[in-house]
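**Q** So for the sequence shown, our numbering puts the first residue at 2; every next one is plus one.
Using N, Cα and C, we set each Cβ at its ideal position, and we do this for glycine too.
Once you've had a glance at the structure underneath, I'll fire off some questions.
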Amino acid sequence: MSDSALTSHSPAAESPAPAAPVRPPLPPAPRTAGLLVWLGLLVAVLALVLGALLWQRLGLIQQELARRQQDSAAQAAQAMASAAQSDALAQELQARLAVAEVKLSEVVLQRSQLDELMLSLSRSRDDTLVQDLESALRLALQQSQLTGSVQPLLSALQAADQRIARAAQPRLNPVQRAMARDIERIQAAQLADVPALVQRLGELTRQVDQWPLLNDVGPRAAGGDRLPAPAPATGAPEGAAVWQRAWADLVQGLRDLVRVGRIDQPEAALLAPEQAFFLRENLKLQLLNARLGLLARQPASAQADLRAVEALLVRYFDGEAPNVKGALAATSQLRAELDATDLPRPDESLAALAAAAGGR
């Protein structure tokens, strides 16, 4: 059976219960009132103590905050100083960086220049050998031209041939063949002996005063000089010797008054004695100039001076005199030998070296 069914059939549910009577509050007892007072005083004291503690705690907190504020200020000042120091260090670093960049650019420039230099110096051994050989040949050619000897040139060519043989480079074989041909040509060349030519020119200069002119009078000896007067007979008295010498001079003078001969150059017959002196001095100067031209390695100048000497000999001197004939023959031989004074040049070797240098 359900609860609602029980409720509907219970008699207590049909009539309400009587209300309880209300009693007025009892007055507190005196003991309870004292406890309350003491309890209030205790709460007040506890509140005061708690307030004092809180106040003390607040003061401590304020002191800690002040101390921390001071520490923060000090740290801030230190941070500002550090920041200023950092700024100065940064500026210094920037300056150093700028200097380093300048130095780096200089180093890069020097490196590029060094690279170019190394590139120029990094030629192959053959190229360097070709340049060295060309320089050595040109220097030897200058020495040969200064000394008049082919020995420096031959020595340079032989040394160059040995260096090429040691290098054993097929590219330099044409150069070696050209040097061999130049060596053969220079060794086969016939060069004049310059010291001997100079000595012969000096001998001709000393003989100028002995060459007879076309207008000289009186009989001549085999060398072209005039014959001395005949000596008096041996054993003759002194007076007779004097008269004989005077008679011989008179006869010789009468013979010299008239002289018949053929002179193709009229000016040679009209040459005065003082002019003859200057003519001989001019011949000496021409021979001296020929010597200087020969020593200066100027064969063309020496040839011109010898031709001038020959022209003066033919024009003013007696060509029938043996010493004049010898002088003409000597000058002709000197001119023929001067034609061979040109030193041979190693042109073929230089051309081969230039071709080898250009084809690297």
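Taking 8 Å as the threshold (C-beta atoms), are L138 and A157 in contact?
**A** Cβ distance < 8 Å, so A157 and L138 count as in contact.
**Q** Going by CA-CA distance only, name the one from A242, L289, V325, A179 that's closest to A352.
**A** The shortest C-alpha separation from A352 is found at A179.
**Q** State the Cα-Cα distance for the pair A85 and Q64, rounded to the nearest angstrom.
**A** Computed Cα separation, rounded: 31 Å.
**Q** I need the DSSP call for L344, collapsed to helix, strand or coil.
**A** Coil, per DSSP.
**Q** Let me know the secondary structure DSSP gives L339 once reduced to three states.
**A** Helix at L339.
**Q** Alpha carbon to alpha carbon, how far is D210 from N290?
**A** If you take the alpha carbons of D210 and N290, they lie about 18 Å apart.
**Q** Specify whether the region 97-108 and the region 307-316 touch according to this definition: at least 3 beta carbon pairs, one from each stretch, less than 8 Å apart.
**A** Result no; under three Cβ-Cβ pairs closer than 8 Å.
**Q** Taking the Cβ atom as the reference point for each residue, do L296 and L134 lie within a distance shorter than 8 Å?
**A** No.
**Q** Let's see if you can read the secondary structure: which residues bound the alpha helix (DSSP H) around R377?
**A** Given that the chain is displayed from residue 2 to residue 361, the structure contains no residue 377 and the question cannot be resolved.
**Q** Could you tell me whether the Cβ atoms of S145 and L339 are closer together than 8 Å?
**A** No, the pair does not count as a contact, with Cβ atoms beyond the cut-off.
**Q** Using a Cβ-Cβ cutoff of less than 7 Å, which residues in the same chain neighbour V310 once the five nearest sequence positions on both sides are dropped?
**A** L284, Q287, L288, T332.
**Q** Need the endpoints of the alpha helix (DSSP H) that G203 sits in, please.
**A** Unbroken alpha helix (DSSP H) run through G203: 195-207.
**Q** Taking the DSSP output, what are the residues bridged to L214?
**A** Partner(s): F318.
**Q** Report the rounded CA-to-CA distance for L37 versus D72, giving the unit in angstroms.
**A** Going by the C-alpha atoms only, they are around 51 Å apart.
**Q** Using 10 angstroms around the beta-carbon of S136, count the other beta-carbons present and answer buried if the total reaches 16, otherwise exposed.
**A** Burial call: exposed.
**Q** Quick one: grab the DSSP three-state call for A1.
**A** The question about residue 1 has no answer here: the residues shown for the chain are numbered 2 through 361.
**Q** Which residues in the same chain as A190 place their Cβ atom closer than 6 Å to its Cβ, once the five residues preceding and following it in sequence are excluded?
**A** These residues qualify, in order along the chain: P345.
**Q** Can you tell me whether DSSP reads S150 as helix, strand or coil?
**A** Of the three classes helix, strand and coil, the one that applies to S150 here is coil, per DSSP.
**Q** Give the secondary structure of A241 by DSSP, where H, G and I count as helix, E and B as strand, and everything else as coil.
**A** If DSSP states are grouped into helix, strand and coil, A241 belongs with the helices.
**Q** With a threshold of 7 Å (Cβ to nearest heavy atom), would L173 be considered close to the ligand HEM?
**A** For the structure depicted, the ligand HEM is absent and the ligand set is empty, with no information on it obtainable.
**Q** CB-CB under 6 Å to Q111, same chain, minus the five flanking residues each way: which ones, in chain order?
**A** Within the same chain, Q111 has no close Cβ partners at all.
**Q** Quick check: what's the CA-CA separation for D128 versus G294?
**A** The alpha-carbon atoms of D128 and G294 are separated by roughly 40 Å.
**Q** Among the residues of its own chain, which have a CB less than 8 Å from the CB of P175, if the five just before and after it don't count?
**A** The answer, listed in chain order, is A353, A356, A357.
**Q** What's the call for F318, buried or exposed, on a 16-neighbour Cβ count within 10 Å?
**A** Buried: at least 16 other Cβ atoms inside 10 Å.
**Q** Do L142 and P300 have their C-beta atoms closer together than 8 Å?
**A** Not a contact, by the Cβ cut-off of 8 Å.
**Q** Contact defined as beta carbons within less than 8 Å: I believe Q159 pairs with I184. What is the distance between those atoms, to the nearest angstrom?
**A** With 8 Å as the limit, Q159 and I184 qualify as a contact, their Cβ atoms being about 7 Å apart.
**Q** Hey, how far is the Cα of R167 from the Cα of A181?
**A** If I take the Cα positions, the gap works out to 15 Å.
**Q** Taking buried to mean at least 16 other C-beta atoms within 10 Å of its own C-beta, is A328 buried or exposed?
**A** So A328 counts as buried.
**Q** Taking L307 and L335 to be in contact with their CB atoms under 8 Å, please state how far apart those CB atoms are, rounded to whole angstroms.
**A** Between L335 and L307 the Cβ distance is about 6 Å, and since that is below 8 Å, they are a contact.
**Q** Note down the Cα distance separating E117 from A89, rounded to an integer number of angstroms.
**A** Going by the C-alpha atoms only, they are around 42 Å apart.
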